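Participant: Going by the UniProt record's numbering, 278 is the number at position 278 of the sequence shown; the sequence numbering is gapless. By construction, the Cβ of each residue, glycine as well, lies at the ideal position given by its N, Cα and C atoms. Bear in mind that the values here come from a model prediction, so they are computed numbers and not experimental data.
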Amino acid sequence: QASNSSNFSHQNMAQPGMRPQDYYHGQFEQQSDHNINKVQQQINNESSEQMCKEIMERYIKEYKGVIDFENPTACSPCYHVWLGDSDGLRYHLQNKNDVNNLYHFGGSKNHLVLIASEHCDGEKMIEIFNILKEFGADFNVTSKEKCTALHNLVLKSKLSIQNDLESIKTIISFLVDNRCNINARDFSKRTILINCLSKKYNAVNDISIIDLLLKKGADPNISCEFTLPEPYFAPNALFIAIKNKWPNEVLDLLLNHGANIDQLDKNGYHLLLWTVMDKKDKNNKKNKESKDEMKPCAMDWVLEHSYEASDPKNLGAAEKYISRNPFSTKRRIFARWKNRSPEYRQRVKEICEQREQRNKNLKK
């Protein structure tokens, strides 16, 4: 104690050769800086408290009609996450709010990571995620519906692929790099890849999202049972992509990332049959209306990439669903493949074997 007292006195005493006015000026500056910092901290706290008050008022106004809504008695970081307010979020986390706690928001409790993935805009979401990471957030948390932040990004987020493509890709990479499970299944047993492919393809869909998911480790061989809008079972992502008329470029991506093209469905049908009929055709073979509406390119693509598809048994099964009109696209494709030489089929077989070996090497 004596030593500490001596050091303290020495540090605060005028040093030999120091003019008295210099000594007192230095003491004044230290005290002045301390007072300025104290005042600034007080201003910051008052500003943060005012911001909290305004955010809570806005939250109550927008969510008071939600089922199981709880009127907040104090501000929490979840409201700042909701609005993408990074300064307010940091203020709460610095004041000992747990980054991995469950917070009551809307009508249920949820993690900050999930609230951000559902409600934030693109650039704000990236900023919020970086702050959450700084404070040690777990990015592999799930909601009561078993949704990850990746699921929310596709299903619930305010972001649109058309307008926020680069932000979405950045967020996907960030989440996967921070251990959000890209192959996690939600309550409906769907992964983010399945959710993306289960939408009918149109010009707004961006193939680069599928490409990124596969490069980040999305498994194209996970099966899924669909109930709405039409019940069907898809053994893997190729079946889903063909069902929803995604272009051949996506089929190539899935195949090159290990999707099993020769996997059979529950009825023992090869993927080839999914290119010539839809679910209602399976249940009613008399239905001729939509047979030539399915993408003809998918039929040719499957035959070019699967040796098993051109097996006489599979070709015969597919023929039952093809229009007898000799000028229809699918009838012409069928006739061409039915008359293929054994040498051509052997070449397809060799290409398939090379692809399988390449995929095995990639897994190693």
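1) Give me the Cβ distance between S143 and Y103, rounded to the nearest whole Å; I'm assuming they're in contact under 8 Å.
2) Do you know offhand how far K266's Cα is from F239's?
3) Specify the secondary structure class of K124 as computed by DSSP and reduced to three states.
4) May I have the straight-line CA-CA distance separating I67 from G107, to the nearest angstrom?
5) Just curious, the beta strand (DSSP E) that Y91 is in, first and last residue?
6) For L83, which three-state DSSP category applies?
7) State the start and end residues of the unbroken alpha helix (DSSP H) segment that holds L155.
8) What separation, rounded to the nearest whole angstrom, lies between the Cα atoms of N359 and L271?
9) With 16 as the cutoff for other CB atoms within 10 Å, does residue 366 come out buried or exposed?
10) Can you give me the start and stop residues for the alpha helix (DSSP H) that Y103 sits inside?
11) Use the C-beta contact count for L362: other C-beta atoms within 10 angstroms, 16 or more gives buried, fewer gives exposed.
12) So, at 6 Å on beta carbons, what are the nonlocal neighbours of Y59 in its own chain, with the 5 sequence-adjacent residues on each side left out?
13) Quick check on the DSSP output: the alpha helix (DSSP H) that includes K169 runs from which residue to which?
14) Can you list, in chain order, the residues of its chain with a C-beta nearer than 7 Å to that of H257? Leave out the 5 residues immediately preceding and following it.
15) Taking just the CA atoms, how far does P326 sit from R332?
16) Can you find a C-beta in chain C that's less than 8 Å from the C-beta of I60?
17) Runs of 3 residues minimum, wholly inside the region 205-252: which ones carry the beta strand (DSSP E) assignment?
18) Could you give the first and the last residue of the continuous beta strand (DSSP E) run that contains K109?
19) Only counting the same chain, and skipping five residues up and downstream in sequence, which positions put a Cβ closer than 7 Å to that of Q354?
20) Between which two residues does the alpha helix (DSSP H) harbouring L264 extend?
21) Are the beta-carbon atoms belonging to G84 and K124 less than 8 Å from one another?
Facilitator: Inspection of the coordinates gives the following:
1) Going by Cβ atoms, the distance from S143 to Y103 rounds to 12 Å, so no, they are not a contact pair.
2) So the two alpha carbons sit approximately 12 Å from each other.
3) It is helical.
4) Rounded to whole angstroms, the separation of the alpha carbons of G107 and I67 is 6 Å.
5) Element bounds for Y91: not the beta strand (DSSP E) but the alpha helix (DSSP H), S86 to Q94.
6) The DSSP-derived three-state label of L83 is coil.
7) Per DSSP, L155 is one residue of the alpha helix (DSSP H) stretching across A149 to L155.
8) Going from the Cα of N359 to the Cα of L271 covers about 20 Å.
9) For the chain, the structure presents residues 1 to 364; residue 366 sits outside this window and is missing.
10) That residue, Y103, is in no alpha helix (DSSP H); its beta strand (DSSP E) goes L102 to F105.
11) It is exposed - the Cβ of L362 has fewer than 16 other Cβ atoms within 10 Å.
12) Sequence-distant partners of Y59 (beyond 5 residues in either direction) whose C-beta falls short of 6 Å from its own C-beta, in its chain, are Y79.
13) Residues I161 to D177.
14) Cβ neighbours of H257 within its own chain (closer than 7 Å, five residues either side excluded): L214 and P220.
15) Their backbone Cα atoms lie some 7 Å apart in a straight line.
16) In the structure shown, chain C cannot be found, because there is only a single protein chain.
17) You should have 224-226 and 232-234.
18) For K109, the uninterrupted beta strand (DSSP E) segment begins and ends at S108 to H111.
19) Nothing listed; no residue qualifies.
20) In the DSSP assignment, L264 falls outside any alpha helix (DSSP H), carrying neither H nor E.
21) Yes. Within cutoff.
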